[in-house]
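Peer 1:
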């Protein structure tokens with residue numbers, strides 16, 4: 348049996364996402380239509396729009412798609428390595444653009460500054476990511492590094508890795524940031540204990556740990572403000 352190949356010229360004009368984007372602007376397009384533009388082509392059985400809609404259904408949400416690895420994406424029927432790379436590149440550009448309005452070197456003046464800087468990067472992740480912001484003597488962010496990706500319940504970080512990275516970039520001080528996948532930023536006893544270890548180690552090597560920020564879903568807790576350090 349002959350299987351018809353779906354290409355964009357077979358799709359009615361009003362359903363072609365690129366044409367709709369030209370006519371109405373990107374803001375008028377659905378998630379699936381924007382995704383279809385990134386995919387560029389569909390499969391023999393599906394147009395790019397139908398493939399994009401199915402990807403979103405299988406992922407469950409746009410947030411889940413953002414957090415998927417290349418390996419997870421290529422397990423979806425119709426997504427090969429090339430399409431997976433196109434999606435990951437588009438997602439990464441979106442992440443960078445969301446932060447591009449901030450100064451090239453952000454100055455951290457408060458816990459809220461650090462939380463705002465990291466919120467979009469961390470709030471949707473399914474596992475705990477422990478990130479260090481490395482600051483110069485003016486409290487400007489000179490580098491950042493993800494030092495640990497933990498389980499859903501814990502993120503284990505050794506002071507050795509933290510301060511090795513800090514020394515490597517000649518950091519004067521650091522701010523630690525990690526997310527709680529549950530969306531609740533209340534620090535756990537392990538978070539508090541780890542923070543105290545890092546503060547003590549920082550005193551020994553002469554690099555101040557200014558704060559430890561726990562990121563939830565549009566919420567954060569500063570361990571410094573809470574009196575835990």
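In my numbering, the protein residues as written are 348 to 576.
For each residue, glycine too, the CB sits at the ideal point set by N, CA and C.
Return helix, strand or coil for residue 495, following the three-state DSSP convention.
Peer 2: It is a strand residue.
Peer 1: Where does the unbroken beta strand (DSSP E) through residue 482 begin, and where does it stop?
Peer 2: Residues 476–482.
Peer 1: The alpha helix (DSSP H) with residue 385 in it runs from where to where?
Peer 2: Counting along the chain, the alpha helix (DSSP H) containing residue 385 begins and ends at 378–386.
Peer 1: Spatial neighbours of residue 509 within its chain, please: CB distance less than 8 Å, with the 5 preceding and 5 following residues excluded, ordered by chain position.
Peer 2: These residues qualify, in order along the chain: 479, 494, 521, 523, 545, 548.
Peer 1: Report yes or no: do three or more beta-carbon pairs, one from the stretch 390–402 and one from the stretch 367–374, lie closer than 8 Å?
Peer 2: Judged by Cβ distances under 8 Å, the stretch 390–402 makes no contact with the stretch 367–374, as fewer than three pairs qualify.
Peer 1: Please say whether residue 531 and residue 472 have beta carbons closer to each other than 9 Å?
Peer 2: In this structure, residue 531 does not lie closer than 9 Å to residue 472 by Cβ.
Peer 1: Assuming residue 511 contacts residue 488 (C-beta within less than 8 Å), just tell me the rounded distance between them.
Peer 2: Contact doesn't hold; Cβ gap of about 18 Å is too wide.
Peer 1: If contacts are defined as beta-carbon pairs under 8 Å, then residue 411 and residue 456 qualify, I think. What distance do you get, rounded to the angstrom?
Peer 2: Not quite, the Cβ-Cβ distance comes to about 34 Å (not below 8 Å), so this is no contact.
Peer 1: Give me the Cβ distance between residue 528 and residue 570, rounded to the nearest whole Å; I'm assuming they're in contact under 8 Å.
Peer 2: Incorrect: roughly 18 Å between the Cβ atoms, too far for contact.
Peer 1: Using 8 Å for Cβ pairs, my map puts residue 562 next to residue 465. What's the rounded Cβ distance?
Peer 2: 6 Å between Cβ atoms; contact.
Peer 1: Do you know offhand how far residue 542's Cα is from residue 380's?
Peer 2: Residue 542 and residue 380: Cα-Cα distance of roughly 44 Å.
Peer 1: Alpha carbons only, please: which of 399, 444, 377, 405 is nearest the one belonging to residue 383?
Peer 2: That would be 399, whose Cα lies nearest to the Cα of residue 383.
Peer 1: Between the C-alpha atoms of residue 484 and residue 550, what's the straight-line distance to the nearest angstrom?
Peer 2: The alpha-carbon atoms of residue 484 and residue 550 are separated by roughly 16 Å.
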